[in-house]
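Asker:
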Amino acid sequence: MATSEAVASSAHFDPQPNKRRLRGQIFLWSCFAATSVGVVLLAILLVDIMRQGMGRLSLEFLGNYPSRFPERAGIRSALFGTMWVVAFTGLFSFPLGVGTAIYLEEYAPRNWLTRVIETNIANLAGVPSIVYGVLGLAVFVRAMSMGRSVLAGAATLALLILPIVIISSQEAIRAVPPSIREAGFGVGATKWQALQHLVLPIAFPGILTGMILALSRAIGETAPLIMIGALTFIAFTPNTPLDEFTVLPIQIFNWAARPQAGFHELAAAGIIVLLVALLSMNAAAIILRNRLRKEV
Amino acid sequence: MSQAVNEAAISSGTGRHTLAMSRGRAWRERGVRGALLACGLVSILTTAGIVIVLAWESFGFFIEVSPWEFLTDTKWTPLFRPQHFGVLPLVAGSFLVAVGASFIALPVGLASAIFLAEYAPERARKILKPILEVLAGIPTVVYGYFALTFITPLIRKVFPDTSVFNAASAAVVVGIMIVPMVASLSEDALRSVPRALREASLGLGATKFETVTRVVVPAALSGIIASFILAISRAIGETMAVTLAAGATPKLTLNPLESIQTMTAYIVQVSLGDTPFGSIEYRTIFAVGLLLFLITLSLNILSRFVLKRFREVYE
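Read top to bottom, the protein sequences are chains A and B. Residue numbers for the first sequence follow our numbering, so the first one is 7 and each next one is one higher. Residue numbers for the second sequence follow our numbering, so the first one is 29 and each next one is one higher.
What follows is the structure in structure tokens.
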């Protein structure tokens, strides 16, 4: 009995402890190496882009319109377009996303409709962004005849980031302790009054953090906006939400797709501006998150 | 805080002093509830919109081109004559990139997850996690630029015959892009394995390495595989990096050094061009979009099924 067990285990485990320990060390270091791959790649990517784009960064680059001549081209229209689109995307997705989150967390009964809504949100989060572009093209640009406007682009992106806004808002609302609500009910508040005056103010920083992260996703999106026809060459800034527009990632795509090295440098400079915007949004979100942790 | 409580108390103190809700308040409650439900229904309308648009426009396409031809013809040349509407080259392109990306992302992502969940000291985790998050947040067009100006020249140094646009370069950056996703989801799966299992294994005399590879990873396998499937789905839906790096030549090939075209890159190509709306050429993007939607949706559902069906349940 004992011998047969020993035989069986020796088939699985090397009887020499040193060898087993060595194998463990090799494994540990390969896992560490794999994790470093991410760090190293990020460093290479940033250095490569800085090296190519830094020389092009200047006030003229920020203030000029795009041009056929790389030395005169800039990102003014793309920068303004991005700001317009992001502002409206936030305007659309904030009430819809937070409203859905409040409904699911506070009101929804456990029935089939709630389950359908929840499964549906999980599925929407996995739909490729270009499919949202197809939807935006058919519904907003064509059927609702918004044209290739800021409004159509923002509506499309709002639907795209809606699952992120909903899920992060749900987490923020869930984190508010039930005792707060009960205190409200105790002094005679209705459900909505307790939510409006007690729960939502506490959940707000968390909701805002999620919102900023969702918008930073929207800033980097390219494919759905190309689908709805955001132009790649545009020499004016939008004045109303119904104007045509371009955004930073599309301008970068346009320059990167050209063969001349001059335009590649412009693309790299555009990427630096885009990454600075993204990183500062992420930093803002992290600061907000930390402040929130201290208070509760 | 306390001020808000006071306000609520005061506002409920005004008006009639009954325990039952006044009619006005009851109506407002119902109104709020209805408005919130309406917000929730927008997400359902979005899905319905996607399905209806894709199905309707594809229907127009399939009246002229039989689904059989679409799925079996091996040539995709809708934009010039003679027209062929065989989607296989595009599907093959998408899968070539996705499989190539998996070769990088799955082992690297899983190893990172194991390191973060089992080995890394808290201080290292605090540095590594945000770096992975930044990697995940970089816009895909940036990865496309990186593929074109950094990865491709590198590949061409090793294999000089490589085309300027090639599947390998796209696969490498898409792989980099989905590493954070595999790492973070697999890490969650590894972390949810109860401590007692690890301690039992260590107590029987297994080394840490044996515990991780023969106890913890198998116990978390459903979550790990679910993360793999989600990552592949993400790779198939990836658009800008493959549009920039992989080229615009629909081709049935297994050679990653050649120029190919994916389903997503084709859709971008058509919407950048001046194909007239309503023409058969234009409708191809909806048929391709429908196929893309169905493939990614089934992968996402499969991933959730694996997670549910094969989860080891612990007390």
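Note that beta-carbon positions come from the ideal geometry of N, C-alpha and C, so glycine has one too.
Just the chain A side, please: which residues come within less than 7 Å of B/Asn283 by C-beta, in chain order?
Answerer: Chain A residues near B/Asn283: none, gap ~23 Å exceeds 7 Å.
Asker: Taking the alpha-carbon positions, what's the B/Thr235 to A/Gly212 distance?
Answerer: So the two alpha carbons sit approximately 42 Å from each other.
Asker: If you reduce the DSSP assignment to three classes, tell me which class A/Ser36 lands in.
Answerer: helix
Asker: Fully enclosed by the region 188 to 247 of chain A, which alpha helix (DSSP H) runs are 4 residues long or longer?
Answerer: 197 to 200, 206 to 226, 229 to 233
Asker: Does any heavy atom of the ligand NAD sit closer than 8 Å to the C-beta of A/Gly276?
Answerer: With respect to the ligand NAD, the structure offers nothing, as it holds no ligand at all.
Asker: Who are the near neighbours of A/Arg180 in its chain, counting only those whose CB is closer than 7 Å to its CB and skipping five residues on each side?
Answerer: Residues Glu111 of the same chain have their beta carbon placed closer than 7 Å to that of A/Arg180, with the five preceding and five following residues left out of the count.
Asker: What whole-angstrom Cβ distance do B/Gly137 and B/Thr290 have, given they're in contact under 8 Å?
Answerer: At roughly 21 Å, the Cβ-Cβ gap does not stay under 8 Å, so B/Gly137 and B/Thr290 are not in contact.
Asker: Rounding to the nearest angstrom, what Cα-Cα distance links B/Glu97 and B/Gly114 in this structure?
Answerer: Answer to the nearest angstrom: the Cα atoms are 6 Å apart.
Asker: With a cut-off of 8 Å, do at least 3 Cβ pairs link the region 204 to 211 of chain B to the region 248 to 261 of chain B?
Answerer: Result yes; three or more Cβ-Cβ pairs closer than 8 Å.
Asker: What do you get for A/Leu119, buried or exposed, if any count of 16 or more other CB atoms within 10 angstroms of its CB means buried?
Answerer: exposed
Asker: Please decide whether A/Leu233 counts as near chain B, where near means a Cβ-Cβ distance under 9 Å.
Answerer: Sequence inspection shows Met at residue 233 of chain A; the Leu mentioned does not correspond to that position. Taking 9 Å as the threshold, the shortest C-beta distance from A/Met233 to chain B falls below it.
Asker: If you run the structure through DSSP and keep just helix, strand and coil, what is B/Phe347?
Answerer: Because chain B spans 29 through 343 in this model, residue 347 of chain B falls outside it and cannot be assessed.
Asker: When you compare the CB of B/Glu57 with every CB in chain A, is at least one pair closer than 9 Å?
Answerer: yes
Asker: Tell me, to the nearest whole angstrom, how far the beta carbon of A/Ser151 is from that of A/Ala107; I am working on the premise that it is less than 8 Å.
Answerer: Not confirmed; about 31 Å, so no contact.
Asker: According to the neighbour-count rule (16 or more other Cβ atoms, all chains shown, within 10 Å of its Cβ), is B/Phe143 buried or exposed?
Answerer: buried
Asker: Any beta carbon from chain A within less than 9 Å of B/Pro18's own beta carbon?
Answerer: The structure shown does not extend to residue 18 of chain B, since chain B is modelled only from 29 to 343, so the question has no answer here.
Asker: Please confirm if A/Gln58 has its CB atom under 9 Å from at least one CB of chain B.
Answerer: yes
Asker: I'd like to know whether the C-beta of A/Pro183 is nearer than 9 Å to at least one C-beta of chain B.
Answerer: no
Asker: Does the distance from the CB of A/Gln224 to the CB of A/Thr95 come in under 9 Å?
Answerer: Looking at the sequence shown, residue 224 of chain A is not Gln but Ala. In this structure, A/Thr95 lies closer than 9 Å to A/Ala224 by Cβ.
Asker: With DSSP as the reference, label B/Ser214 as helix, strand or coil.
Answerer: helix
Asker: Helix, strand or coil for A/Glu77 per DSSP?
Answerer: Reduced to three states, the DSSP call for A/Glu77 is helix.
Asker: Going by DSSP, what residues sit across from A/Ser155 in a beta bridge?
Answerer: A/Glu250
Asker: Pick out the complete alpha helix (DSSP H) segments inside the region 113 to 189 of chain B, 4 residues or longer, and give them in chain order.
Answerer: 116 to 142, 150 to 165, 168 to 174, 180 to 186
Asker: Looking only at its chain, what residues have a beta carbon closer than 7 Å to the beta carbon of A/Val2, apart from the 5 residues adjacent to it on each side?
Answerer: Nothing in the structure corresponds to residue 2 of chain A, since chain A is present only between 7 and 302.
Asker: Pull up the distance between the alpha-carbon of A/Tyr71 and that of B/Asp216, whole angstroms please.
Answerer: Each residue's alpha carbon lies about 46 Å from the other.
Asker: Quick one, are the C-beta atoms of B/Ala139 and A/Ala40 less than 9 Å apart?
Answerer: yes
Asker: Which two residues bound the contiguous alpha helix (DSSP H) that contains B/Leu285?
Answerer: Unbroken run through B/Leu285: none, as it is neither H nor E.
Asker: What residues of chain A sit near B/Arg61, judged by a beta carbon separation below 7 Å?
Answerer: Tyr113
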